[in-house]
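Structure record follows, encoded as structure tokens.
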Amino acid sequence: MSKLRSFSAPAHVVVAGAKGGIGRALVDTLLDDPGVGRVTAVSRTAIATRHEQLRSATIDFADESSIKAAAKDCGGDIDLIIVATGILHREPDIQPEKRLADIDGQAMAEVLQINAIGPALLAKHFLPRLRRDAKSAFAAISARVGSISDNRLGGWASYRASKAALNMLMRTFSIEQSRTNPEALVVTLHPGTTDTALSKPFQRNVPEG
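Numbering-wise, this note's numbering comes out as the position in the sequence shown, counting from 1, plus 71.
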């Protein structure tokens, strides 16, 4: 039975960030779903597969022209778009800050580019491609640490700020879409701590399983 029963079948689903831990798992799950007719996997490098339902599109998330071209190639009547891009750390230049003195402007700008600006540009060019005659959705993977009211520990300034910005952007786009495409949803999703490269250095206090 399809997990996308509230969407029109066969659904066309786009996954951006398809080579990351969450993105790749989503692609694999969607390809096994009987309600999905086509999966477009969007990433910096192509996904090698012979699956007849899978299409691969390469983009540079910092290059708006490549995002625009990928959206055009996807055509219209997209049922679901999932944005699973994100960065928390990268050796040796990006690490989550433990205190104010750790903030580095260049690293912060790159985190904001990947976690907030990139998804905003994806929304700019992919939202107009959503189906208009039935339910459709644009969902971006966010994080609980992007909640201002839930921030009780401090630290991780760049990541927190980027996810808070992402939440606000999606809220703004949701309001606009309610006027132009009332059948469309724009949401952020909190996946919890998943066993991926992004969370690997920070899993020490995560319960087994």
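For each residue, glycine too, the CB sits at the ideal point set by N, CA and C.
Inter-residue spacing [alpha-carbon to alpha-carbon] between residue i and residue j
i, j, result
"phenylalanine 197", "aspartate 164", "31 Å"
"aspartate 148", "glycine 225", "42 Å"
"valine 86", "serine 79", "17 Å"
"glycine 146", "alanine 172", "47 Å"
"isoleucine 93", "alanine 155", "7 Å"
"alanine 210", "histidine 160", "23 Å"
"asparagine 222", "valine 216", "7 Å"
"glutamate 181", "glycine 189", "10 Å"
"leucine 183", "glycine 157", "9 Å"
"glutamine 124", "alanine 194", "23 Å"
Paired residues, beta bridge with residue i - DSSP
i, result
"alanine 210", "Ile153, Val258"
"isoleucine 165", "Arg161"
"serine 127", "Ala112"
"alanine 87", "Val113, Val154"
"valine 107", "Ala82"
As assigned by DSSP and simplified to three states, the class of residue i
i, result
"histidine 196", "helix"
"alanine 80", "coil"
"leucine 201", "strand"
"leucine 75", "coil"
"leucine 224", "coil"
Under 8 Å between C-beta atoms of residue i and residue j
i, j, result
"arginine 76", "glycine 108", "no"
"alanine 236", "alanine 187", "yes"
"alanine 82", "leucine 192", "no"
"aspartate 99", "lysine 74", "no"
"threonine 116", "lysine 90", "yes"
"asparagine 238", "serine 213", "yes"
"tryptophan 227", "glutamate 168", "yes"
"glycine 88", "serine 127", "no"
Delimiting residues of the alpha helix (DSSP H) encompassing residue i
i, result
"threonine 116", "From DSSP, threonine 116 is part of no alpha helix (DSSP H); its letter is neither H nor E."
"alanine 236", "228-251"
"arginine 95", "92-102"
"isoleucine 138", "135-145"
Boundaries of the beta strand (DSSP E) in which residue i is found, first to last residue
i, result
"arginine 215", "No beta strand (DSSP E) contains arginine 215, which DSSP labels as neither H nor E."
"alanine 327", "The question about residue 327 has no answer, for the chain in this structure spans 72 to 280."
Neighbour flag for residue i against chain B, beta carbons, 8 Å
i, result
"leucine 159", "Although the question refers to chain B, the structure presented lacks it and comprises just one protein chain."
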